[in-house]
Each structure stands twice: as C-alpha cells, then as structure tokens.
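Notes follow the structure.
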Amino acid sequence: MIANAISIHESIWRRLQSQRDRLPHAMLLVGQRGVGKFAIAHAFAAGLLCESPRADGTACAACAACNWFATGGHPDFRLLQPEALADEEEAAGGDERKKEKASQQITIAQVRALDDFLGVGTHRAGLRIVLIHPAEAMNRNTANALLKSLEEPPPGTLFMLCCSEPLRLLPTIRSRCQTVAVNPPPAAISERALAAAGVADPGRWLALAGGSPLLAAELAGSARDGWADLLTRQLLALDGIDASRLAGDLEKILKDSRGRLPLRIIVEFMQKWLVDLNLAANGMALRYFPLQQATISRLAGGLDPLRLARGYRALLERRRAAEQPLNVRLFLEGLFIEYQGLIRH
Ligand SMILES: [Zn+2]
3 MIANAISIHE SIWRRLQSQR DRLPHAMLLV GQRGVGKFAI AHAFAAGLLC ESPRADGTAC
63 AACAACNWFA TGGHPDFRLL QPEALADEEE AAGGDERKKE KASQQITIAQ VRALDDFLGV
123 GTHRAGLRIV LIHPAEAMNR NTANALLKSL EEPPPGTLFM LCCSEPLRLL PTIRSRCQTV
183 AVNPPPAAIS ERALAAAGVA DPGRWLALAG GSPLLAAELA GSARDGWADL LTRQLLALDG
243 IDASRLAGDL EKILKDSRGR LPLRIIVEFM QKWLVDLNLA ANGMALRYFP LQQATISRLA
303 GGLDPLRLAR GYRALLERRR AAEQPLNVRL FLEGLFIEYQ GLIRH
C-alpha cells in the first residue's frame, strides 16, 4: 500500500491546509476511483483533530486525539461508509457470507444516527467532522436526510464527502459543498510512490488503474493470485479464448481468495479491455493496456464498432449483477462466451 497519499497530492494538501482557519461547512472531494480522495480527507480530518499537528498540517500520531482517531473512537469524528466497505477492510480471513449480505449502500439509519452526534457539544477542540465515503452510496432518501444537516450545520462542523461519480449526487447536495477536484497526479510521481511501496512493474498497474495510484496498488496486490496475468494471456491469444476453461480457472482463484477478490474486478478488467479495443479500432493510443498496443490493434482490426458498443453496454449490466451473482462460474462463462462472440464475428 502507498504509505503517504499526501506526498503525491501535494498541491491539494496545501490548498486544504490554507483553509484550516476558515473551514467551509462542507467539502466535496471529487476524483476518479482509487485516486486518493479518501486518504486525503482522512488525513486532513486527523490533522484537524490532532492536538499538536506538525508544521505541514499532518497529525502528530502521538497525542490522545490521534490515538482515539487511529482506533476509530474519536468522539468528534464519524465515518459513514457502506457496511460492505467496512467489512472488506477486515475480511482478510474472510467471512464471505457476512460480506455478501452487507449493504453496498450508506443507510438512512446511519445518517439519522448523526442527529445525536450533531446535537451535543463537541468533546475536544470544538470541531466535529463527518466523513462520507463514497457519497454516491447514498440513495435519494438517505441523501435527503443528510441534506437537512448540510443546510443547517451546527457550528464547528465540517462535512467531507468523497465522490467518484458526482452526477449521481443530488444537485442540492453538490451545491452545499465546496468542491475540491482530486486529479490523478503525474504518472512519474505515482510510479515512484508505487515502486517505493514495493510494487513491481508500476507502469502496468498504473495504466490499468487509469492513472489512480491507490487503485494501482490495490490491483497489483490483488494480482498476486495470478488472475490478471491469466486473463491478459488468454485475451491476447489471437485465436480466441477458451471461455469455459477460463471461467473455471478464474472461479477457483476467486474462491481461494475467500472474498478478498470480488467478482467485479474481472468485469471491470473486461470493461477496460473493451475500451482499449475500441480505441485501437479507431487508431488511437490505448489507455489501460499500452504495453499490448500491437496485439490489441490486431484483435481490433475488423471489429464492428456497433457490436463493440453493445458489448460494452452488456458489461455495464454485468457489472451491476456482479455484486450479487447467483453462480460465479456461470456468470463468468456467460461473460466470456459473449466476448468470444464479439471477437469472432
Ligand atoms: Zn496528534
């Protein structure tokens, strides 16, 4: 994992620090998935609540407030995230059943529970922070419940919302927040940070992550089981894939990971593959698999752009279905048979 997301987002960190003494009521950190929004927001919150922050605004990691923060028990801090996301962090040994049932949404009960938190005085420095991640995991009702607090925030309260898909937020929520754009850092900076974190071949993973350094680290870590190499090798074969065998092999890897590797990781990989096929079909530079430009261009030769677009739309459906698959093996087989049809046609 990248140790310090702040060092790769220096200018954003400085901008946040410049507001330390005149904080807005609400900030919306917007940027693509895995770019480091949450890490920045979390570090900013820690630095604000710390009793003796360092000169650069980061938390001291030694005071009582920092200790509480690190153990998730700071009385003036609340983190709202979907149950499934919280479980993922502790799923290493993996109770899969628990994970499957866990909500992918931030629930209205979680937002309502904020009322008590916001209704009492602060315990420490007179600042209270609510971090919501990801904000698009709130449905309409939940967002409306939050809106009440956003419209009339108690004094000394800072809401920080992280979001990769701002168009899915209620406009009324967006308009209450000061927007902070978190763009991907220059590739060279990210690659250096990834290499320092022990990631081999950082360029490959950074490209696959669309330039998001934290997602790149996550992908590189997850790929130790070999799923990405297996999939890439099969997809690069010019005579096509063996859908049923590939589905079987991948199913086994996912199963062995005991919930650590979600099925969606395969679907997202295929989405990126189709994006690059489409780019190649149009004679453009690839985005996610630049190292495979030559082979992908050969595969893309003669592909019907309309079929490719339909294939991509079908993948969007599958991406949704991947959250609660009935049968992983059949799901993967269907996915690859469809891909095979697309390529062979
Ligand atoms: Zn501290």
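Residue numbers (my numbering): 3 to 347.
The beta carbon of each residue, even a glycine, is placed where N, CA and C say it ideally should be.
Quick caveat: nothing in here was measured; it's all calculated off a predicted structure.
Smallest Cα separation from ASN141: which of ALA323, GLY123, VAL113? Selected option, being the one with the closest Cα: VAL113.
Between the Cα of ILE108 and the Cα atoms of GLY33, CYS165, THR297, GLY74, which residue gives the shortest distance? CYS165
Counted within 10 angstroms of its Cβ, other Cβ atoms place LYS39 as buried (16 or more) or exposed: buried
One or two residues paired with MET29 in a DSSP bridge: Under DSSP, MET29 shares a beta bridge with MET162, GLN180.
How about CYS179: is its Cβ closer than 8 Å to a heavy atom in ligand 1? Not one heavy atom of ligand 1 falls within 8 Å of the beta-carbon of CYS179.
Residue from ARG346, ARG321, ILE345 with nearest C-alpha to LEU334: Nearest in C-alpha terms to LEU334, of all of ARG346, ARG321, ILE345, is ARG321.
On the DSSP bridge assignment, give the partners of PHE79 in chain order. ILE131
Cα-Cα separation, ASP227 to GLY261: Distance between the alpha carbons of ASP227 and GLY261: 13 Å.
Using the Cα positions of ALA115 and GLY242, report the straight-line distance between them to the nearest angstrom. 53 Å
Please classify ASN280 as buried or exposed, where buried requires at least 16 neighbouring CB atoms within 10 angstroms. buried
Say yes only if the C-beta of PRO77 is nearer than 8 Å to one or more non-hydrogen atoms of ligand 1, and no if none qualify. Proximity of the beta carbon of PRO77 to ligand 1 is not indicated: no heavy atom of the ligand is located closer than 8 Å.
Taking TYR341 as part of the alpha helix (DSSP H), name the residues at either end of that continuous run. 330–346
With ligand 1 as the reference, list in chain order each residue whose Cβ lies under 7 Å from any of its heavy atoms. Those satisfying the condition are, in chain order, CYS52, GLU53, SER54, PRO55, ALA61, CYS62, ALA63, ALA64, CYS65, ALA67, CYS68.
Could you check if ASP278 is buried or exposed, using at least 16 other CB atoms within 10 Å of its CB as the buried criterion? buried
Reduced DSSP secondary structure (H/G/I, E/B, other) of ILE351: Since the displayed the chain opens at 3 and closes at 347, residue 351 lies outside it and no answer follows.
Give the DSSP-derived three-state secondary structure of MET272 in the structure shown. helix
How is the alpha helix (DSSP H) around PHE40 delimited, first residue to last? 39–51
Alpha carbon to alpha carbon, how far is HIS76 from ALA145? Their backbone Cα atoms lie some 24 Å apart in a straight line.
For ARG178, tell me which candidate among ASN143, ILE191, LEU308, MET162 has the shortest Cα-Cα distance. MET162
CB-CB under 6 Å to GLY59, same chain, minus the five flanking residues each way: which ones, in chain order? GLN19, GLY49
Status (buried if at least 16 other CB within 10 Å, exposed otherwise) for ARG315: It counts as exposed.
Would you call the region 20–29 and the region 193–207 in contact, with 3 or more CB pairs under 8 Å? no
Excluding sequence positions up to five away, which residues of its chain have a Cβ less than 6 Å from the Cβ of ILE134? LEU82, LEU163
With a threshold of 7 Å on Cβ separation, who are the neighbours of ASP251 within its own chain once the five nearest residues in sequence on each side are excluded? Exclusion of the five residues before and after ASP251 leaves LEU232 as the residues of its chain whose Cβ lies within less than 7 Å of its Cβ.
Cβ shell of ASP97 (< 7 Å), same chain only, five flanking positions each side left out: Caution applies to ASP97, whose pLDDT of 48 falls short of 50 and renders its modelled position unreliable; the value that the coordinates give is listed next. So no residue of the chain qualifies.
Which residue's Cα is closest to the Cα of GLY343: ALA43, THR159, ARG309? ARG309
Check whether the region 55–75 touches the region 30–38, taking contact to mean three or more Cβ pairs, one atom from each stretch, closer than 8 Å. no
Determine, using beta carbons only, whether SER224 and LEU263 come nearer to each other than 9 Å. yes
Could you tell me which residues DSSP pairs with MET286 in its beta bridges? According to DSSP, which records beta bridges pairwise, MET286 is partnered with nothing at all.
First and last residue of the uninterrupted alpha helix (DSSP H) at ASP117: 116–121
Residue range of the unbroken alpha helix (DSSP H) whose run includes ARG170: Segment: none, ARG170 is in no alpha helix (DSSP H) and carries neither H nor E.
Distance, LEU248 Cα to GLY336 Cα: 11 Å
Taking 9 Å as the cut-off, decide whether the C-beta atoms of ALA230 and LEU196 are in contact. No.
Best match in HIS125, VAL182, ALA104, LEU238 for proximity to THR159 [C-alpha to C-alpha]: It is HIS125 whose Cα lies nearest to the Cα of THR159.
Hey, LYS257 and VAL330: beta-carbon distance below 9 Å or not? yes
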